[in-house]
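*Asks:* Which chain is which? The protein sequence lines are A and B, in order. Taken in order, the first sequence gives residues 1 to 403; the numbers are from the UniProt record's numbering. Taken in order, the second sequence gives residues 1 to 403; the numbers are from the UniProt record's numbering. Would you mind keeping the following structure in view while I ask a few things?
Number of protein chains: 2
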Amino acid sequence: MAVETGTTRQREHVVHVAPGAGWPEEIRRRVHAHVADIVRRRCAEHVHSVPGSEFVSGVLADFVGRGKYLRSMFGYLGWRAAAPDSPGALGAFAGLELLHAFALIQDDVMDGSQLRRGRPTVHVQLAGWHREQGMSGSADRFGESAAVLLGDLCLVWAEQAMRESGLPAEVLDRGWPRYDAMRSELAVGQFADLVNDARRVPDLDEVMDVLRRKSGNYTVRRPLELGAAMAGADEELLTLLGDYGTMIGEAFQMRDDVLGVFGTGATGKSAGDDLTERKATSLVVLARELAEPHTRARLDALLLGSDNGGSGGSGAENGDGGADSAREGGTDSAREGGGPVDVAAARALIESTGARRRIDELIGTRVQGALRLVDGAVADGRLGDDVAGVLRAMAVRCADRAS
Amino acid sequence: MAVETGTTRQREHVVHVAPGAGWPEEIRRRVHAHVADIVRRRCAEHVHSVPGSEFVSGVLADFVGRGKYLRSMFGYLGWRAAAPDSPGALGAFAGLELLHAFALIQDDVMDGSQLRRGRPTVHVQLAGWHREQGMSGSADRFGESAAVLLGDLCLVWAEQAMRESGLPAEVLDRGWPRYDAMRSELAVGQFADLVNDARRVPDLDEVMDVLRRKSGNYTVRRPLELGAAMAGADEELLTLLGDYGTMIGEAFQMRDDVLGVFGTGATGKSAGDDLTERKATSLVVLARELAEPHTRARLDALLLGSDNGGSGGSGAENGDGGADSAREGGTDSAREGGGPVDVAAARALIESTGARRRIDELIGTRVQGALRLVDGAVADGRLGDDVAGVLRAMAVRCADRAS
């Protein structure tokens, strides 16, 4: 049975799980305090001697302070599925926000994105600082290079956060192979996206494959598995959480694709940016597949330019609600794909194909599947009520969101 | 007493240390085998599923196969100053070559460099692949983005190499704080260089400060200290190696600055590239300080353009002999600094100031100081003959090289 986004049915589901309902906000608060502290200490330690250090530290602190912390929460939830609360665990998974910051900051450079988390992207802010200082040389080039370096620092600090979390060595050793695989998967996934970007429009299977391998795994499944493995979970529990993670990760990214076309400024990015950036997301590709020939031709003319060979990058990268897969106006692909896109016309065409409703159904199927998994695991004692409640709440939060 | 580069005096010094004289080549051979194996395995594990994976794996394997492996050697030498041979140690320090690959690949993107280690830079090769494939979109942009990602992978794999070296946890735990500090220092140093790049010509003290903090520390001192600390060296030995590392690191980078002006193609880069890229290296800044007013004015006119406010980036980045601190022709700074530089005229002017001879003297002072430290440590039993011999050989190799 399909879950329509925003229905009261899902929201009631959340209310039923009162014992853990306050968790996400509490975890978020603790993770935020921890990440902010790491950035403050690391900047004081390493960045203080550099010209512009105060500005740079401020940019980083602001950036990490505005995330949703989904990856930390799923890491911690995976841990709690198999072990009691631990300040060390929370510190280790807080590091996942720095890993995410690394990915977003560098992806935004590669994509030429302008807005992220409701602010100019990091490289845009750094370019602005360069201009304000009246420095010589290219401000844009400086902004991009400096942002890549800040991303590198976040990648290093992320791993340090895990190693210095205070968790015992044997706990960390259960996590490292998964952590390393996740990091390589992340970089290779972005590489695959760059290659896709430069190719023709993929079909829906291809989009879903990239979506799973990249954003879905990285947002939900891998953090859950990492946390559970570190807590010493058995194979059965790891499989359960992995299956939940695959379904909710896909739901998360498909919702992201809907918001990229129909979302408002609440996403922290420009409305309709997936359209203006001509991204071949699940929604757009599905719309083309569902469309009558005449509608498809109009859609292609609107989105792909006359030669039908415009950049069709997957939109499956780094979904984060207010921080997702942005490729803002003014990028290479937008510049090279032809003139500006008529967003209203493209929205109407996509709506007319039924693709939006179909994506909502696909999301609903995944949420229902994940909730059934959780219910089954509670029934036979594999999951405690508190963790199950938060997994249910997070499933809905990922799938049914406006930002 | 000054050591002139290339004198027989130094070469005889090397011959005297025959017991360890074969070490550098033997260590290099073992490090090469290890790094090549890591790249092959990681690519097979993570990159194989991506379009272009064979090309990418080949580019990386070729790149890491062409280094001088100075950082691995100094790491291993630091280890051997306090502990016996260990395959695990060699594996851990081999990872330093991947860390160096990360830095060089990303720096070359930032600097717009064209040549590295006698080949087109990684981003240039990737852009060429994009063109050969007939892909849409900007090939240059693709090359830069893909190179940044390959750099990221090297950064991750470097740390994995150390963690998975097989060294006991307590050994690694002695290394991690230094390893993390070195990584942050590396990224922050490059950031400082970007800021310098956009400012006016620094004075010699400033150049020497950046030179020490960046290339010198990272090439010699930090790897030596890392290895020694992991091997359990006491404070006295750490201080000795740190002092040696500071002196030889400075000598290494000053030699690099001489090669950047007077070197041949043996450096793996274009001859005279520091001039065409208008870099404010130790040699160039010293030449300005030593020059008569008339000569200085001509030098400024040649190197800085008419407004004397051209880009004056420090040349202290990532020295690596055949792989150093490149900012090749056709970069932003070269484009923005005015027309092409008359390399022959600039060389003659610099030579006429006596700056080249003075830099050779400064290098010689440092090599002599380092050799005295080593001799003293052998005399009172703090260093074994074999390690001392290789430290002497490496001092000369770093200071007195043509590539």
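Here a beta-carbon is modelled for each residue, glycine too, at the ideal position from N, C-alpha and C.
Output, in sequence order along the chain, the residues in the segment 58 to 89 of chain B whose CB is closer than 7 Å to any CB in chain C.
*Replies:* Checking the listed chains, one finds no chain C in this structure; the protein chains it contains are A and B.
*Asks:* List, in chain order, every chain B residue whose beta-carbon is nearer than 9 Å to that of A/His-46.
*Replies:* Result: Ala-181, Ser-184, Glu-185, Ala-187 and Val-188.
*Asks:* In chain order, what residues of the same chain have a beta carbon less than 7 Å from the beta carbon of B/Val-124, not counting five sequence neighbours either side?
*Replies:* Gln-114 and Gly-143
*Asks:* For A/Pro-120, which beta-bridge partners are listed by DSSP?
*Replies:* A/Leu-115
*Asks:* Check the Cβ-Cβ distances between B/Trp-176 and every residue of chain A, and say whether any is below 8 Å.
*Replies:* yes
*Asks:* Identify, in the order they occur along the chain, each residue of the same chain with its Cβ nearer than 7 Å to the Cβ of B/Leu-90, setting aside the five sequence neighbours on each side.
*Replies:* Arg-30, Val-31, His-34 and Tyr-76
*Asks:* Skipping 5 residues on each side, what residues in its chain have a beta carbon closer than 7 Å to that of B/Ser-352?
*Replies:* Only Thr-295 meet the Cβ criterion.
*Asks:* With C-beta atoms as the reference, is residue 410 of chain A less than 8 Å away from A/Gly-268?
*Replies:* Residue 410 of chain A lies beyond the stretch modelled for chain A, which goes from 1 to 403, so this question has no answer here.
*Asks:* Could you spell out where the alpha helix (DSSP H) holding A/Pro-24 opens and where it closes?
*Replies:* 23 to 42
*Asks:* Expressed to the nearest angstrom, what Euclidean distance is found between the alpha-carbon atoms of A/Ala-161 and B/Arg-28?
*Replies:* 33 Å
*Asks:* Check A/Ser-145 in the structure and name its three-state DSSP category.
*Replies:* helix
*Asks:* CB-CB under 7 Å to A/Ala-82, same chain, minus the five flanking residues each way: which ones, in chain order?
*Replies:* Ala-228, Ala-231, Gly-232, Ala-233 and Leu-237
*Asks:* Residues in the segment 124 to 158 of chain A with C-beta within 9 Å of chain B's C-beta atoms, listed in sequence order?
*Replies:* Per Cβ criterion, the list reads His-130, Gln-133, Met-135, Ser-136, Gly-137, Ser-138, Ala-139, Arg-141, Phe-142, Glu-144, Ser-145, Ala-146, Val-148, Leu-149, Leu-150, Gly-151, Asp-152, Leu-153, Leu-155, Val-156 and Trp-157.
*Asks:* With 8 Å as the threshold, decide whether the Cβ of B/Gly-242 is near any Cβ in chain A.
*Replies:* no
*Asks:* Can you give me the C-alpha to C-alpha distance between B/Met-254 and B/Phe-74, rounded to a whole angstrom?
*Replies:* Approximately 18 Å, taken between the alpha carbons.
*Asks:* Answer yes or no: do B/Ser-86 and B/Val-207 have a C-beta to C-beta separation smaller than 8 Å?
*Replies:* no
*Asks:* Please report whether the beta-carbon of A/Leu-302 lies at a distance below 8 Å from any beta-carbon of chain B.
*Replies:* no
*Asks:* With 8 Å set as the bound, which would you pick, yes or no: does the beta-carbon of B/Pro-51 sit closer than that to a beta-carbon of chain A?
*Replies:* So yes, B/Pro-51 belongs to the interface.
*Asks:* Sorted by chain position, which residues of the same chain lie with C-beta nearer than 7 Å to A/Leu-362's C-beta, five sequence neighbours on each side aside?
*Replies:* Met-254
*Asks:* Could you give the DSSP three-state label for B/Gly-58: helix, strand or coil?
*Replies:* helix
*Asks:* Using the Cβ count rule (16 or more neighbours within 10 Å means buried), how would you classify A/Ser-314?
*Replies:* Caution applies to A/Ser-314, whose pLDDT of 36 falls short of 50 and renders its modelled position unreliable; the model cannot decide the point.
*Asks:* Tell me the rounded alpha-carbon separation between A/Asp-152 and B/Asp-152.
*Replies:* 7 Å
*Asks:* Can you check whether the C-beta of B/Gln-106 is within less than 8 Å of a C-beta belonging to chain A?
*Replies:* yes
*Asks:* What are the boundary residues of the alpha helix (DSSP H) that includes A/Arg-278?
*Replies:* A/Arg-278 -> no alpha helix (DSSP H), and no H or E assigned at all.
*Asks:* In whole angstroms, give me the CA-to-CA distance for B/Leu-186 and B/Leu-299.
*Replies:* Taking the straight line from one Cα to the other gives about 31 Å.
*Asks:* Pop quiz: B/Gly-272 and B/Val-343 are said to be a contact at Cβ under 8 Å. What is the actual Cβ separation, rounded to whole angstroms?
*Replies:* 4 Å
*Asks:* With 8 Å as the threshold, decide whether the Cβ of A/Gln-160 is near any Cβ in chain B.
*Replies:* yes
*Asks:* Excluding the 5 residues preceding and the 5 following A/Asp-257 in the sequence, name in chain order all residues of the same chain whose CB lies nearer than 6 Å to its CB.
*Replies:* Thr-281, Ser-282, Leu-283 and Gly-315
*Asks:* In chain order, what residues of the same chain lie with their CB nearer than 7 Å to the CB of A/Glu-97, ignoring the 5 residues before and after it?
*Replies:* Val-31, Val-35, Val-64, Gly-67, Tyr-69, Arg-71 and Ser-72
*Asks:* Would DSSP call A/Ser-72 helix, strand or coil?
*Replies:* helix
*Asks:* Buried or exposed for B/His-46, going by 16 or more other Cβ atoms inside 10 Å?
*Replies:* Label assigned to B/His-46: buried.
*Asks:* Is residue 416 of chain B helix, strand or coil by DSSP?
*Replies:* Because chain B is modelled from 1 through 403, residue 416 of chain B falls outside the range shown and cannot be assessed.
*Asks:* So A/Glu-250 is in the alpha helix (DSSP H); what residue range does that whole segment cover?
*Replies:* 235 to 262
*Asks:* Within 10 angstroms of its Cβ, does B/Asp-400 collect 16 or more other Cβ (buried), or is it exposed?
*Replies:* buried
*Asks:* Taking only the alpha-carbon atoms, compute the straight-line gap between A/Arg-40 and B/Leu-303 and give it to the nearest angstrom.
*Replies:* 40 Å
*Asks:* Note down the Cα distance separating A/Ala-291 from A/Arg-183, rounded to an integer number of angstroms.
*Replies:* 38 Å
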